[in-house]
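Shown next, in structure tokens, is the structure this report addresses.
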Amino acid sequence: MKISRNAPCPCGSGQKYKKCCLPKEESQDFSYRRISQTFQSLTGKLMTFAQNTLEADGMDEAIDTFLLWGDELDNEDTIDDLSQVMVPWILCSWDLTLPDIEELDFEITLPADTTIAELYRQKRSNKIDSLELHVLESVGRLVFSFYEVTSVFPGNGFACIDILTGSSHKVTDHSASEWLAQGSILFCAISRVDDVEFLSAASPISFPLPWKAHIIDLRTSLIGQKNALSAEDLSEYEFEIRQVFLELYAAANNPPSLSNTDGDPLSPQTLHYRISSPKDAFDALVHLCVTESPEQLLENADYTENGELVCVTIPWGRLETAKTTTMSNTILGYIDIESESMTVEVNSEKRAAEIREIIQNVMGDKAHYKTTSIKPMRAAGERAEDDEDPLGFHNKMMQDPAIREHMENMFLDHWGQWVDTPLPILDGQTPREAAKSPSGREKIDALIRSAIHNSERSPDLEVQKKGIERARTELGI
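Written out as structure tokens, the structure reads:
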């Protein structure tokens, strides 16, 4: 949100913003634009130089090296998507040792242990102006790492912490500030020119906070007997760091198929019926609710002036007895009865077939099946223009105090058992066991902060907050 010039300065000095931090920020913004434009211009010149110098075989070798010679990501679309991180790496990080050059099956004009940017400075020194030279010297060889975004300043930049070294940075990048979020993990190279830190290379996507556990494992494997990793260590272990990035990138672009709690493929759909009587439908189907009594459901129903039932919702549920789940029950769908129509919302074909058979058996001719409408699955965060309830049919049930209280208690139980549940992301340890080590506590902190963030974004998940906070307190995180 833009700060008014006459507003109190957010630094807490008590002065107006225009008299305090604004002039400095405007000066830094001017410096950032000047440096950023120069670096972008240099990148274009370096890329042209690289293509002319290395030719097709040399460029292919650079791309193959960045992708670690794997076939999974070696396609035109992926290479294009990765260009904003791969191109700077090729220009300012990639070099070949003498043995590397001797193993090539083609001639290459890039000297051993020399980057494209370094060769450009040697060959084009008379064509580089003073600002370009200053930027090239300041940027040097790019150092890549994984950063957790700690704050975002829309329209300006973001603050972050290097997960591998622990160093803190305040990055100016207008574009990244519009799509990054607090808690995001970004693979990138941060360069400093004078007093401006900016992104000299960055992954096209960020990773979710729970994936920080993978970066912590990487850090543990690299740190060995050292107390901490340094920027020099990041350069030494560049291969291993990039390998983890490519694995995470591939996983993010090939997510597992979505399924419901029964393992059925997700397929949101609504069954439509014509009914003869709302009361008959309610009496026939109310036994499907395992979370509330008939009287409790009717407290939230609508009636005519004569007291006849018009509209009511029945949550279709199932009591759970298996030890493999921490939930006492599972909501399978929602039955909406309204005058002469009835709809049933479920999230899989299997549940649709099951409820259709149940309705046929208990209602017979009193319910006439009309059709089933299937909602297309959308990517996370995507919303159809005509979708009035982007969070699904659960939200309306959260308005019922009894159901909300039941869900809160259910999640209290879930998170209470979560602390003693072995988790793959904790290498099979329970959170209680993992909390005994500093790296384990750091992983758990990321998991809990992510869960809290998700609960705050969705009213449907907000009922988890008490359970999450109880787990945090119990683990001392």
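Here the UniProt record's numbering is used: the first residue of the sequence shown is 1, the next is one more, and so on. Quick reminder that beta carbons are idealized off the backbone N, C-alpha and C, glycines included.
Assigned with DSSP and collapsed to three states, residue 205 falls in coil, not helix or strand. By the Cβ-count criterion, residue 303 is exposed, with fewer than 16 other Cβ atoms from all chains shown falling within 10 Å of its own Cβ. Taking every protein chain shown into account, the CB of residue 241 has 16 or more other CB atoms within 10 angstroms, so this residue is buried. Inside the region 104-174, DSSP marks whole beta strand (DSSP E) runs of 3 or more residues at positions 144-153, 157-162 and 168-172, from first to last along the chain.
Comparing alpha carbon positions, the residue from 108, 191, 15 and 181 closest to residue 169 is 191. Note on geometry: alpha-carbon atoms of residue 295 and residue 345 lie some 22 Å from one another.
Residues 250 of the same chain have their beta carbon placed closer than 8 Å to that of residue 72, with the five preceding and five following residues left out of the count.
By the Cβ criterion, the region 422-430 is not in contact with the region 181-190, since fewer than three pairs of Cβ atoms, one from each stretch, lie closer than 8 Å. Measuring C-alpha to C-alpha distances from residue 161 to each of 212, 86, 40 and 408 identifies 212 as the nearest. Of all alpha-carbon atoms in 52, 79 and 88, the one lying nearest the alpha-carbon of residue 40 is that of 88.
With 16 or more neighbouring CB atoms inside 10 Å of its own CB, residue 282 falls in the buried class. Among the bridge pairs identified by DSSP, residue 7 is matched with none. In the DSSP assignment, residue 74 falls outside any beta strand (DSSP E), carrying neither H nor E.
Contact between residue 272 and residue 343 holds, with the beta-carbon distance rounding to 6 Å and staying under 8 Å. In the three-state reduction of the DSSP assignment, residue 237 falls in the coil class, being assigned neither a helical nor a strand state. For residue 272, there is no enclosing alpha helix (DSSP H); the residue is part of the beta strand (DSSP E) that begins and ends at 269-275.
Below 8 Å, enough C-beta pairs join the region 366-376 and the region 261-275 to call them touching: three or more. For the options 448, 365 and 338, the alpha carbon positioned closest to that of residue 208 is the one of 448. Within the model, the alpha-carbon separation for residue 158 versus residue 200 is close to 14 Å. Annotation for residue 373: the continuous beta strand (DSSP E) segment containing it runs 367-374.
The alpha-carbon separation between residue 155 and residue 13 amounts to approximately 23 Å.
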